[in-house]
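K.L.:
Next up is a structure, given as structure tokens.
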Amino acid sequence: MEWVFDGGRPCLDLVNTMRSRHESGVELLTGPDALAEWFSLAGLTTGPVPVTAGNVLAAKALREAIDRVLLPPEEPSSMDVELVNNAAASAPAPPPRLALAGGALRREVPAPKDPVAAAFAALAADAIDLATSDAEVRVCAADDCGLRFCDASPRRNRQWCSMSRCGNRAKARAHYARTAPQARRDVDNPA
24 MEWVFDGGRP CLDLVNTMRS RHESGVELLT GPDALAEWFS LAGLTTGPVP VTAGNVLAAK
84 ALREAIDRVL LPPEEPSSMD VELVNNAAAS APAPPPRLAL AGGALRREVP APKDPVAAAF
144 AALAADAIDL ATSDAEVRVC AADDCGLRFC DASPRRNRQW CSMSRCGNRA KARAHYARTA
204 PQARRDVDNP A
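Below you can see the structure in the form of structure tokens.
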């Protein structure tokens with residue numbers, strides 16, 4: 024599975040687990056193993072965690088609600104806002120603790136009791152932060168992409184989810200369109 028983390032925010036990376044939205048869509052969260060792998064690679068869990076089919080359905084529902092909240096054609100629905108809020112409140116992070124080790128104090132954060140709920144809470148909290156910030160969420164300008172990303176460029180004019188993927192392809196197509204007619208003329212009219 025080719026996971027992409029070009030959204031610039033964890034909540035957008037979750038949204039981007041549905042590819043090619045402009046067409047029929049390509050689902051990357053195909054089952055519990057895929058979601059567990061994504062959580063781990065996204066840094067939301069420390070290694071694989073037990074994930075159920077119900078967790079996958081919840082992840083997809085959260086993903087779609089986040090997408091509709093962050094890219095609304097109009098005011099987001101109260102159901103989507105409630106779903107995001109409920110996910111954010113579902114698993115508060117355990118409080119940090121002080122530990123004494125070798126005569127020195129150190130900060131420890133215990134592992135959450137439910138790592139999947141904690142991952143959902145972190146994703147929802149990130150979506151809330153993004154939705155209420157001045158940051159701009161955009162859709163990649165490449166016709167065959169549609170990934171969402173947070174535009175943090177200085178002029179807020181970023182067009183592609185990734186310069187190395189979609190931006191490079193678009194620039195190569197534009198270059199070919201500019202140079203190909205001249206190359207054909209050179210072949211047809213050799214000097």
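Numbered per this note's numbering, the sequence shown spans residues 24 to 214.
Each residue gets a CB set at the ideal place from its N, CA and C atoms; glycine is no exception.
Roughly how many whole angstroms lie between the Cα atoms of Pro96 and Arg171?
P.N.:
Here the question's residue 96 lines up with position 73 in the sequence shown. Here the question's residue 171 lines up with position 148 in the sequence shown. Their backbone Cα atoms lie some 15 Å apart in a straight line.
K.L.:
Quick one: residues in its chain with C-beta nearer than 8 Å to the C-beta of Leu93, no 5 flanking neighbours on either side, listed in chain order?
P.N.:
Along the sequence shown, read from residue 1 onward, the residue named residue 93 stands at position 70. Correct list, in chain order: Cys34, Leu35, Val38, Ala150, Leu153, Ala154, Val160 and Arg171.
K.L.:
Measure the CB-CB distance between Arg91 and Ser100 and report whether it falls below 8 Å.
P.N.:
Stepping through the sequence shown from its first residue, residue 91 is reached at position 68. Stepping through the sequence shown from its first residue, residue 100 is reached at position 77. Cβ atoms of Arg91 and Ser100: closer than 8 Å.
K.L.:
Is there contact here, the region 133-151 with the region 107-114, by at least three beta-carbon pairs under 8 Å?
P.N.:
Judged by Cβ distances under 8 Å, the region 133-151 makes contact with the region 107-114, as three or more pairs qualify.
K.L.:
May I ask you to report which of helix, strand or coil DSSP gives Cys34?
P.N.:
Stepping through the sequence shown from its first residue, residue 34 is reached at position 11. Three-state result, Cys34: helix.
K.L.:
Which stretch, first to last residue, makes up the alpha helix (DSSP H) that contains Ala154?
P.N.:
As a first step, residue 154 must be located in the sequence shown, where it is residue number 131. Its alpha helix (DSSP H) spans residues Pro138 to Ala154.
K.L.:
So, is Asp56 buried or exposed, given that buried needs 16 or more other C-beta atoms within 10 angstroms?
P.N.:
For the purposes of this step, residue 56 is taken as the residue at position 33 of the sequence shown. Counting Cβ neighbours within 10 Å, Asp56 comes out exposed, since fewer than 16 surround it.
K.L.:
Between Leu123 and Ala148, what straight-line distance do the alpha-carbon atoms span, to the nearest angstrom?
P.N.:
Within the sequence shown, the letter at position 100 stands for residue 123. Within the sequence shown, the letter at position 125 stands for residue 148. For Leu123 and Ala148, the distance between alpha carbons rounds to 31 Å.
K.L.:
Taking DSSP as the reference, what is the three-state secondary structure of Leu67?
P.N.:
Position 44 of the sequence shown holds residue 67. Coil.
K.L.:
In angstroms with no decimal places, state the Cα-to-Cα distance between Arg86 and Leu52.
P.N.:
If you number the sequence shown from 1, residue 86 lands on position 63. If you number the sequence shown from 1, residue 52 lands on position 29. Answer to the nearest angstrom: the Cα atoms are 10 Å apart.
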